[in-house]
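Single-structure report; data block below.
Number of protein chains: 2
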Amino acid sequence: MDEVELSEAEFLAGYDPGAYPGVGLTADIVALTLIDAELCVLLIKRGGHPFKGCWALPGGFVNVDESSVQAATRELAEETGVELFHLEQLGTYDTPGRDPRMRVASVAYLAVLPEAVGATGDDDAVAAEWWPVGELDELELAFDHARIIADGVERISAKLEYTALATSFLRAPFTMGELRRVYEAIWVRTLHAANFRRKVLSAAGFVVPAGQTRSVGRGARVETFCAGAAVVLYPPIVREVHQS
Amino acid sequence: MDEVELSEAEFLAGYDPGAYPGVGLTADIVALTLIDAELCVLLIKRGGHPFKGCWALPGGFVNVDESSVQAATRELAEETGVELFHLEQLGTYDTPGRDPRMRVASVAYLAVLPEAVGATGDDDAVAAEWWPVGELDELELAFDHARIIADGVERISAKLEYTALATSFLRAPFTMGELRRVYEAIWVRTLHAANFRRKVLSAAGFVVPAGQTRSVGRGARVETFCAGAAVVLYPPIVREVHQS
DNA sequence: TAAATAGTGTCTCTAAGACACTATCAT
DNA sequence: ATGATAGTGTCTTAGAGACACTATTTA
């Protein structure tokens, strides 16, 4: 077949991209935040087929000139009005048949937003709402989104141990108690306040004192902190899985 | 537009998949093994354009009726002749322009194989070879494969700490020294043999005694072990990043 | 003044890291 | 015999978890 040796330019000029059947590429976002000390995920009520009326992750098709991470950033900014948030790739879901319309590969992203971000449905959706992850069993979720959300929650739960991600759930300045409640909400357990404080302060660069105090509840005025420069925590804030 | 309310079946019957421009979906594999106490990655010398003559990760287009993980499994089995190996999704790389032929989203997989697996080039390739990851600077790598390999090596390095993945590099039964050399090769450092043994044995389910001994080098006969049932290690085998 | 919050002191116990030592066997 | 390997004993130090206690301020 290839009797004549082609240069790369000549090869590309004669190349027909249509020879391979393409798949749809979408970016879906597991956006997490804390509302009233509960871990919540942003969901959209689908207004069109398929899975009409079910709840689904925000997301959509990736444009030809953008990457999936750019698509995820764009979609989430449209949906929440927030410009700054933590975003990382969660995984790709591409089982044949997961979308009844066509072959679709969905690159899922995990986003972490500070509390009290408004959710406003855009044109495609009839409603966007934050749902506590503990109450998703009662919901009909579209596609394989239940699995994607579960993977996202597991990821965030694990990353709290060895990264400074918890601060992404908060606005600076925050108190040590607020930071502790991030961990408690996600790990669904109570933590020892005194030991937690010591562990956080001993993790270099996790938080830095904001130099202010704040009155909280009916307790004494308490110190506030801002996120430090550390991305990875050492020593980690270990989840005490193996308690007695 | 949508004046008549359609059922999902009616909607799907009238749906045109060609309305969305599809992208090429490929599965690429970062296959790692240990050869002579060096971490090596399987590479294919490309016989065709683009990047003709460069080294690339094994992989290829995902068939319409298979998932990307099935495609990765198939490709790697063809390439190495091995049926059993650890395989996990590494991430998806879909920046526009990363493949000059067309828009391609590549789902990268990380595979771990025991030593001494033959590499045999298949039809598409002129050569398949294991390359030490420390020597990749001297190689011309195709596409963004250098980045993908770097991500894979980082992933395996991190997962050695808290998972039992190291045993996937070995065939049972193995000695404690062989297991230690897996860690030493990947972390590029020496470990304290006595403390390493204690840590491995204290991680529940990491290894189980094979009940045999073996003569190794000019030392005494040593105990051998098999992989245990544990996937996650507790306590973890910590990389002593923060040594004095 | 009572309750709720943050924050400190300190005790116990476990585990990590270091080092010395023993055991065994190929060369 | 020597040297290389596995494997044990044990010491020091750091950190986790638990508990008691203090401090402060609002309801």
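Chains A and B, in that order, give the protein sequences.
Per the numbering used here, the very first residue in the first sequence carries number 1; after that it's consecutive.
Per the numbering used here, the very first residue in the second sequence carries number 1; after that it's consecutive.
Ideal Cβ placement from N, Cα and C applies to all residues, glycine included.
Only residues of its own chain outside the window of five on either side were considered, and among them A193, V216, V222 have a CB closer than 8 Å to the CB of G177 of chain A, listed in chain order. Per DSSP, S157 of chain B is one residue of the alpha helix (DSSP H) stretching across 145-162. At a cut-off of 8 Å, the C-beta of L160 of chain A has no neighbouring C-beta in chain B. F169 of chain A carries a helical assignment under DSSP once its states are collapsed to helix, strand and coil. Rounded to whole angstroms, I149 of chain A and E129 of chain A show a C-alpha spacing of 15 Å. Within the DSSP bridge table, the entry for F174 of chain B names B:F225 as partners.
Counting C-beta atoms within 10 angstroms of its own C-beta, L57 of chain A has 16 or more neighbours from the protein chains shown and is therefore classed as buried.
Contact note: A105 of chain A reaches chain B through L25, A105, using a C-beta cutoff of 7 Å and chain order.
Annotation: the stretch 50-105 of chain A contains the following complete segments of the beta strand (DSSP E) (minimum length 3 residues), in chain order: 59-61, 86-93.
Excluding five sequence positions before and after D144 of chain A, the CB atoms of its chain that fall closer than 8 Å to its own CB belong to Y93, T95, R98, given in chain order. Think of a sphere of 9 Å around the beta carbon of G205 of chain A: no beta carbon from chain B falls inside it, the nearest being about 13 Å out. Shown here, Y183 of chain B sits in a helix according to DSSP, grouped into three states. Distances from the alpha-carbon of R101 of chain A to those of B:G22, B:L76, B:L39 put B:G22 closest. Excluding five sequence positions before and after T73 of chain B, the CB atoms of its chain that fall closer than 7 Å to its own CB belong to L87, given in chain order.
For a Cβ distance threshold of 8 Å, residue set T92, D94, A105 of chain B lies close to S68 of chain A, ordered along the chain. For the 8 Å CB-CB criterion, P132 of chain A and L191 of chain A do not form a contact.
The alpha-carbon of I44 of chain A is positioned some 13 Å away from that of L136 of chain A. Counting only the Cα atoms, E75 of chain A lies some 30 Å from F206 of chain A. Listed along chain B, no residue sits closer than 8 Å to Q212 of chain A by beta-carbon distance, the nearest being about 31 Å off. Beta bridge pairing from DSSP links A108 of chain B with B:D28, B:G91. For K45 of chain A, the pairing in a beta bridge is given by DSSP as A:W55, A:A127. Only buried fits D28 of chain B, as 16 or more other CB atoms lie within 10 angstroms of its CB. For the pair V69 of chain B and Q89 of chain B, the Cα-to-Cα distance works out to about 8 Å. Going by DSSP, V200 of chain A is part of the alpha helix (DSSP H) stretching over 193-202. Looking at the DSSP output, I35 of chain A shares a beta bridge with A:E38.
In this structure, the beta-carbon distance from L110 of chain A to G152 of chain A falls below 8 Å. Judged by DSSP in its simplified three-state form, G211 of chain B adopts strand.
An exposed status is given to S202 of chain A, since fewer than 16 other beta-carbon atoms sit within 10 Å of its beta-carbon. The distance from the Cβ of V238 of chain B to that of E184 of chain B is about 14 Å, inconsistent with a contact at the 8 Å cut-off. P132 of chain A has A:C40 as its beta-bridge partners, per DSSP. DSSP lists no bridge partner for L113 of chain B. Of the residues B:V112, B:E66, B:N195, the one whose Cα lies closest to the Cα of F169 of chain B is B:V112.
Taking a Cβ-Cβ cut-off of 8 Å, the neighbours of P21 of chain B in chain A comprise G22, V64, given in sequence order. L6 of chain B reaches chain A at H49, counting residues in chain order whose Cβ is nearer than 8 Å. Between F225 of chain B and P209 of chain B the beta-carbon gap is near 6 Å, inside 8 Å, which marks them as a contact.
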